[in-house]
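For the sequence shown, full-length UniProt numbering begins at 1 and goes up steadily by one.
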Amino acid sequence: MKNCWTALPENRKAVVVEVIMPNPEHQPISAIDFASSQAAVNNDMIMLIASPTGRERTEKEFTALAKEAGFTCFEIVCGVSMYSIMEFYKDCMTI
Numbered sequence: 001m002k003n004c005w006t007a008l009p010e011n012r013k014a015v016v017v018e019v020i021m022p023n024p025e026h027q028p029i030s031a032i033d034f035a036s037s038q039a040a041v042n043n044d045m046i047m048l049i050a051s052p053t054g055r056e057r058t059e060k061e062f063t064a065l066a067k068e069a070g071f072t073c074f075e076i077v078c079g080v081s082m083y084s085i086m087e088f089y090k091d092c093m094t095i
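Put into structure tokens, the structure is as follows:
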């Protein structure tokens, strides 16, 4: 993400489509939420098999990753199935 921040022109955003792991304390309340959570966990297992360092992240981890890279704002715009569309802003004033 740091390379993305460096390459990104001022007043722009990076758009990322990624799986967000469910919060461990969150209990899914609907069948759709449960299915999406199960799919995310399955995807995480596949990534761990393919690469020992590969894994999915929680929303909290994406927020920390964004801040560490230098992004001032992070927003989950929407989700489809197990995927979420996220926007990482270089400058919050562009929102």
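All C-beta atoms in this analysis are idealised placements derived from N, C-alpha and C, irrespective of residue type, glycine included.
**Prompt:** According to the Cβ coordinates, are residue 40 and residue 82 closer than 8 Å?
**Reply:** Here residue 40 refers to the residue found at position 40 of the sequence shown. Here residue 82 refers to the residue found at position 82 of the sequence shown. Going by C-beta atoms, residue 40 is nearer than 8 Å to residue 82.
**Item:** Identified DSSP bridge partners for residue 76
**Value:** Reading the sequence shown from its first residue, position 76 is the one you call residue 76. Paired residue(s): 86.
**Prompt:** Are residue 5 and residue 62 touching if we call contact CB-CB under 8 Å?
**Reply:** Here residue 5 is taken as the residue at index 5 of the sequence shown, counted from 1. Here residue 62 is taken as the residue at index 62 of the sequence shown, counted from 1. Judged by beta-carbon spacing, residue 62 lies beyond the 8 Å limit of residue 5, meaning their Cβ atoms are not closer than that value.
**Request:** Grab me the residues of residue 76's own chain with a C-beta within less than 6 Å of its C-beta, minus the 5 sequence neighbours each way, in chain order.
**Result:** As a first step, residue 76 must be located in the sequence shown, where it is residue number 76. So the list reads 84 and 86, once near-sequence residues are dropped.
**Item:** Opening and closing residue of the beta strand (DSSP E) in which residue 18 lies
**Value:** On the sequence shown, position 18 is the one that residue 18 refers to. It spans 13–21 - the beta strand (DSSP E) in which residue 18 sits, taken as one unbroken run.
**Message:** Checking the sheet assignment: what are the DSSP bridge partners for residue 58?
**Reply:** The residue given as residue 58 occupies position 58 in the sequence shown. 21.
**Request:** Please state whether DSSP places residue 65 in a helix, a strand or coil.
**Result:** Translated into positions along the sequence shown, residue 65 becomes position 65. Three-state result, residue 65: helix.
**Request:** Tell me whether residue 6 sits in a helix, a strand or coil according to DSSP, three-state version.
**Result:** As a working mapping, residue 6 is identified with position 6 in the sequence shown. Collapsing the DSSP output to three states places residue 6 in a helix.
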